[in-house]
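Before any comments, here is the structure.
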Amino acid sequence: MKFAISEINARHGNLRILKTTKLPPSNITKEEMAAIHNLKNNREITILPADKGRTTVIMDTEQYEKQMNEMLQDRNTYEVLKRDPTEAKKRKLKTILKQLQEEKKIDKQTYNHLIPTANIIPRISGTPKIHKPGAPLRPIIDSMGSVTYNLSKFIADILKPLLGNTDYHCENN
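When we follow numbering that gives the first Met the number 0, the leftmost residue of the sequence shown carries the number 0, and every step to the right adds one.
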């Protein structure tokens, strides 16, 4: 109980510090800030990180969407689904996790951590490979909040020490 009270007091103290701390002055002018705001709101352009080199790329939105659609038309890589499999995948994962818990292969805390709570469909975007001719897009899948997100993180944490520095493993950046 004492620990819980001291944790609440620490959080309250941190919150007070965050509320009273003043932000440092901006290092860009109001005009530059307005220009950035205008660029962000311009629907004719898409602002993306480059695939490599920590560079920002500004693309014509029509060109970006055309390249993304062309990439998704590749039937050797992507498949059109007749219906959204999210609910079925969620039910199946819940069944498997419940069975693992009943067999004492995972504890209640792990079960609660892994059980899917969100139904967000993974989203695809593309980052331009500016080091290649025509700047093709590298597909990036954002699965945060998806049915398998917590399970994927859990398995990645288990595998991380086993992978080490092999020829087949690269750090996520």
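C-beta atoms are modelled at their ideal positions from N, C-alpha and C, and glycine is treated no differently.
Treat the numbers as computed from the prediction; the structure is a model and nothing was measured.
- Ser124 carries a strand assignment under DSSP once its states are collapsed to helix, strand and coil.
- Closest in C-alpha terms to Thr60, from the list Glu78, Leu38 and Tyr77, comes Leu38.
- Between Ile44 and Pro127, the alpha-carbon positions lie close to 14 Å from each other.
- In the structure shown, Leu22 falls within a coil segment according to DSSP collapsed to helix, strand and coil.
- In the three-state reduction of the DSSP assignment, Met67 falls in the helix class.
- With contact defined as three or more Cβ pairs closer than 8 Å, the region 107-125 and the region 71-87 are in contact.
- Sequence-distant partners of Met143 (beyond 5 residues in either direction) whose C-beta falls short of 8 Å from its own C-beta, in its chain, are Ile119.
- Take the alpha-carbon of Leu22 and the one of Ile46: they are about 26 Å apart.
- Looking at the backbone, the Cα of Arg122 and that of Lys29 are separated by about 34 Å.
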